[in-house]
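Peer 1:
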Amino acid sequence: MKEVHILNSLEEVNIISDPIRLKIILTLGTSPKTAQDLSDALGVSRSKIHYHLKILEQNGMIEVVDTELINGITQKYFLPVARAFIPSSEIFNKNLEEKILSFKIPDDSFPAFEKEMKALIEKYGKDEGESYQLQIYKLS
Numbered sequence: 007m008k009e010v011h012i013l014n015s016l017e018e019v020n021i022i023s024d025p026i027r028l029k030i031i032l033t034l035g036t037s038p039k040t041a042q043d044l045s046d047a048l049g050v051s052r053s054k055i056h057y058h059l060k061i062l063e064q065n066g067m068i069e070v071v072d073t074e075l076i077n078g079i080t081q082k083y084f085l086p087v088a089r090a091f092i093p094s095s096e097i098f099n100k101n102l103e104e105k106i107l108s109f110k111i112p113d114d115s116f117p118a119f120e121k122e123m124k125a126l127i128e129k130y131g132k133d134e135g136e137s138y139q140l141q142i143y144k145l146s
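Counting in the numbering used here, the sequence shown runs from 7 upward without gaps.
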């Protein structure tokens, strides 16, 4: 499972923002579950869960991580493809050029990183030239 999955279109944002599909992804978390597990946890019919799982799988937001044959029926176990789903800023503003840098910082090093980042912003943050925006996400 990767850390972040970037949503690159409004269609992808719409797919994941459906209330049932969002609950499915949140319920899956990091432990694989079957459609029956999800149906029980969410109180939604198994046929409705299967419908939404199919949409999520077809659009690359969940994947089958294991299968098990029980009484001649194949049980599929699903997980999200990432821990976090973040919309690309280009979806909302086509004038932006997005550059994604991804890295990990240990929790105990973050205060020093933040201090250094503020110093860089002061050094380079002039009112002239192009404007850039930096976003930092904490992924648990």
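Using N, Cα and C, we set each Cβ at its ideal position, and we do this for glycine too.
Do the stretch 10 to 25 and the stretch 90 to 99 meet, that is, are 3 or more Cβ pairs less than 8 Å apart?
Peer 2: Verdict: yes, contact present.
Peer 1: Considering just the uninterrupted stretch of the beta strand (DSSP E) at Leu140, what are its terminal residues?
Peer 2: Along the sequence shown, read from residue 1 onward, the residue named residue 140 stands at position 134. From DSSP, Leu140 is part of no beta strand (DSSP E); its letter is neither H nor E.
Peer 1: For Gln64 and Phe109, I'd like the C-alpha separation in whole angstroms.
Peer 2: Reading the sequence shown from its first residue, position 58 is the one you call residue 64. Reading the sequence shown from its first residue, position 103 is the one you call residue 109. Whole-angstrom Cα-Cα distance: 29 Å.
Peer 1: With DSSP collapsed to three states, give me the class of Thr33.
Peer 2: Here residue 33 corresponds to residue number 27 of the sequence shown, with the count starting at 1. Helix, per DSSP.
Peer 1: Could you name the residues of the same chain whose beta carbon sits closer than 6 Å to that of Ala47, not counting the 5 residues immediately before and after it, in chain order?
Peer 2: As a position in the sequence shown, residue 47 is number 41, starting the count at 1. Result list for Ala47: Thr33, in chain order.
Peer 1: Given a cut-off of 9 Å on the beta-carbon distance, is the pair Lys60 and Asp72 in contact?
Peer 2: Taking the first residue of the sequence shown as position 1, residue 60 is located at position 54. Taking the first residue of the sequence shown as position 1, residue 72 is located at position 66. No, they are not a contact pair.
Peer 1: Measuring only the C-alpha atoms, how far is Ile31 from Glu69?
Peer 2: Numbered from its first residue, the sequence shown carries residue 31 at position 25. Numbered from its first residue, the sequence shown carries residue 69 at position 63. C-alpha separation (whole angstroms): 11 Å.
Peer 1: If we count the other Cβ atoms within 10 Å of its Cβ and call it buried at 16 or more, is Pro117 buried or exposed?
Peer 2: Here residue 117 is taken as the residue at index 111 of the sequence shown, counted from 1. Exposed.
Peer 1: Distance, Cα to Cα, Lys29 vs Glu17?
Peer 2: For the purposes of this step, residue 29 is taken as the residue at position 23 of the sequence shown. For the purposes of this step, residue 17 is taken as the residue at position 11 of the sequence shown. Distance between the alpha carbons of Lys29 and Glu17: 18 Å.
Peer 1: Which value, in whole angstroms, describes the spacing of the CA atoms of Tyr143 and Thr36?
Peer 2: Walking along the sequence shown from the start, residue 143 turns up at place 137. Walking along the sequence shown from the start, residue 36 turns up at place 30. The straight-line gap from Cα to Cα measures roughly 19 Å.
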